[in-house]
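What follows is a short report on a single structure.
2 protein chains.
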Amino acid sequence: MKLASLKSGRDGKLVVVSKDVTRYCAADNIAPTLQAALDNWAECAPKLEALARDVEHEAVPCQRFHEREAHSPLPRAYQWADGSAYINHVELVRKARGAEVPDSFYHDPLMYQGGSDGFLAPRDDIPLKDTAWGCDMEGEVACIVDDVPMGVSSEDAAGHIKLIMLVNDVSLRGLIPGELAKGFGFFQSKPPSAFSPVAITPDELGDAWSKGVIQLPLKIDYNGEAFGRPEVGEDATFNLPDLVAHAAKTRPLTAGTIIGSGTISNKGADGGPGKPVAEGGAGYACIAEIRMIETIADGEAKTRFMQPGDSVKIWMDDADGHSIFGAIEQDVVQA
Amino acid sequence: MKLASLKSGRDGKLVVVSKDVTRYCAADNIAPTLQAALDNWAECAPKLEALARDVEHEAVPCQRFHEREAHSPLPRAYQWADGSAYINHVELVRKARGAEVPDSFYHDPLMYQGGSDGFLAPRDDIPLKDTAWGCDMEGEVACIVDDVPMGVSSEDAAGHIKLIMLVNDVSLRGLIPGELAKGFGFFQSKPPSAFSPVAITPDELGDAWSKGVIQLPLKIDYNGEAFGRPEVGEDATFNLPDLVAHAAKTRPLTAGTIIGSGTISNKGADGGPGKPVAEGGAGYACIAEIRMIETIADGEAKTRFMQPGDSVKIWMDDADGHSIFGAIEQDVVQA
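Sequence order for the protein chains is A and B. Everything in the first sequence is counted per numbering that gives the first Met the number 0, starting at 0 for the first residue and increasing by one. Everything in the second sequence is counted per numbering that gives the first Met the number 0, starting at 0 for the first residue and increasing by one.
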């Protein structure tokens, strides 16, 4: 099934959306909000699934679904933890500054605790106070889990993944070096992220949900041009269940926890840095990556970070070219 | 006024507690949970204050308040961000490993994004899987804010501090070096924290709330003996409004965000490392600190981290010796 939260109050109003993302039916008689459904998923999910079947068969009155009326599926969440599963991205970061990737990065996932108290809606502007902060997009996949016990295995973690979304993990690259030097991780460098208008159960992906990753390309347009088409199923050092298990090593995870993949990043066909889409490559899911490739090739980055007026679109099509999650579409504006 | 959340469901049941922390009256006719009250603070706070006056005057039926029946005031929260305002603690960490404290640490607060999806109740056991993880307490003060706009000044941030609590920020010291080396900050090394049974409005502190810090000692007993009596109002490089402003530099903060002070840490009377309580000093709010002092003095740490069977108590008395927030009392148990 596909779920969305129409803008309403702090937590939105839960609706079931048709598979083609054109119609919805209110689900607030089952649970007022998506968080409320996740708090009681075992009881709510079968009812929501039944409503989803009715929506598909047009057995209930539906209304037109406008993606712009949707908030992020969880407008605020109790936890947002973002991994960095595509080590190619980390390899490029390190290579650009002449550093090695520690061997441990290939078996111990990178993950940071993100702010989750208020997300942007998928069509919200990205407010930027200072262009020197180096505003960047990061195209990612994320999952929402139910209650996960401490110490869960990666195998068991897979069963706790209840919903999948796309993310634009907005990052302020100019603030990252200073924060990392302080040793306490990202904070000011990670302003609110935005999620896709629709969250889906993994079964909606059919064969494209395999081995804990989506076997489809993520699509990123930047200022109206194709910027990235990376294959989510390729070059993933860790899958989503691995990341859930990592997050739960020393503590349980509460229902509604969101775990992200990190920026999707593919190697080039020759195993080296990936090429731009215009040159036949898979392109990039963030600007930092093309800047690192420019730095490696030419000694300096040419592509600038986002500024007021720039726009980013992130979405995913199924094998038939139909949008699965709706699209994140955001403009950067002066704050 | 003083508020608590009696254990009930995922978010507890909001009650108003008498100033002497012995009686309570249910407040769920005003707001079912503390988060609900914070979501609508401008409307709820005056009603809760009126109820608090009635509780004080015994004008409403009250029941006996048992601290063990209280969850953390926010059993789960949308944000928990913890500063490190007592740079003496950082100075000792660095000195123990022969490193300098960067000058920036004295004007740019350290802060990490903590997990907030599920806190321990103030009397909950601390589950520990592996003693090699180096389980430690951290005695701290924290505040809860209402909605804070992005870019708020420290002066304006003070007015957004609605409630104050104590915290035991449980830390796994053995996992910290590895996580810091990865550069993404704390994650597995910060399992769930516990907060005091009662959260209070700043006016409850009277003159002891001054300059954005509490002017009273925090009390920490470890295995039944006085371990720390540090003055919260001394050696604070940053006050709570400074930390709120830091957190809000690049994003707004949603109502219910918790901002922590970091481990309270006093210098010794001579400006050097603080002495143990038994030797007339203020002692320590975490075990790491005495270990660092041992390392600086003798080249190695003697005091071990917490193990199953160890217990910690954290509380604060007013000038008349009455407990202000109730007590955090936790035993470490094998998970």
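Yeah, the Cβ is synthetic: ideal placement off N, Cα and C, and Gly gets one too.
Within the region 210-230 of chain A, no residue places its CB atom closer than 9 Å to a CB of chain B. Among the bridge pairs identified by DSSP, B:D330 is matched with B:S310. If you ignore the 5 residues before and after A:D241, its C-beta comes within less than 6 Å of the C-beta of S153, all in its own chain and listed in chain order. By the CB criterion at 9 Å, A:V169 and A:A141 fall outside the cutoff. For B:D297, the closest C-alpha among the options B:G113, B:P31, B:F183, B:A95 is that of B:A95. Contact between B:G133 and B:G173 holds, with the beta-carbon distance rounding to 3 Å and staying under 8 Å. Think of a sphere of 7 Å around the beta carbon of A:R75: the chain B residues whose beta carbon falls inside it are Y77, T253, in chain order. Cβ proximity to chain A below 9 Å picks out Q187, S188, K189, P190, P191 from the region 187-207 of chain B. Sequence-distant partners of A:D317 (beyond 5 residues in either direction) whose C-beta falls short of 6 Å from its own C-beta, in its chain, are I323.
For B:K181, the neighbours in chain A by C-beta distance under 7 Å run, in chain order, L109.
For A:M136, no alpha helix (DSSP H) segment is defined, and its DSSP state is neither H nor E. For the region 241-252 of chain A, the set of residues with a beta-carbon nearer than 8 Å to any beta-carbon of chain B comprises H245, A246, K248, T249, R250, P251, L252, in chain order.
Per DSSP, B:A247 lies in no alpha helix (DSSP H) and is assigned neither H nor E.
At a cut-off of 9 Å, the C-beta of A:G114 has a neighbouring C-beta in chain B. Under a 10 Å Cβ-count criterion, A:K218 is classified as buried, with 16 or more other Cβ atoms of the shown protein chains found around its own Cβ. The beta carbon of A:F104 falls within 9 Å of a beta carbon belonging to chain B, placing the residue at that interface.
Taking 9 Å as the threshold, the shortest C-beta distance from B:P126 to chain A falls below it. In the DSSP assignment, B:D38 falls within the alpha helix (DSSP H) that extends over 33-38. Around the beta carbon of A:K210, fewer than 16 other beta carbons lie within 10 angstroms, which makes this residue exposed.
Neighbours of A:F185 across chain B, judged by C-beta separation under 8 Å: Q112, F183, G184. Cβ-Cβ separation between B:F226 and B:D220: approximately 6 Å, consistent with a contact (criterion under 8 Å). Judged by their CB atoms, A:H65 and A:T262 are not nearer to each other than the 9 Å cut-off. Only those residues of the region 136-154 of chain B whose C-beta falls short of 8 Å from the nearest C-beta of chain A are listed: M149, G150. Between A:A41 and A:M136, the gap from beta carbon to beta carbon reaches 9 Å or more.
For B:D27, the closest Cβ of chain A is not nearer than 9 Å.
Note on the region 214-270 of chain A: whole beta strand (DSSP E) runs with a minimum of 3 residues are 218-221, 224-227, 257-259, in chain order. Within the DSSP secondary-structure output, B:V166 pairs in a beta bridge with B:E139, B:F194. Comparing alpha carbon positions, the residue from B:M0, B:T249, B:T302 closest to B:I289 is B:T302. Across the region 4-25 of chain B, CB contacts with chain A closer than 7 Å involve R9, in sequence order along the chain. Distance from B:F194 to B:M164 at the Cβ level is roughly 5 Å; contact confirmed, criterion being Cβ atoms closer than 8 Å. Classified as buried, B:N238 has 16 or more neighbouring CB atoms from the shown chains inside 10 Å of its CB. A:S83 belongs to the set of residues whose beta carbon lies under 9 Å from a beta carbon in chain B. In this chain, A:I295 is not harboured by any beta strand (DSSP E); it is covered by the alpha helix (DSSP H) spanning 286-297. Ranked by Cα distance from B:L204, the options B:K18, B:V14, B:K6, B:G11 are led by B:K18. For B:P126, the enclosing beta strand (DSSP E) begins and ends at 125-127.
Distance from the Cα of B:K161 is smallest, within the candidate group B:P201, B:K181, B:F183, for B:P201.
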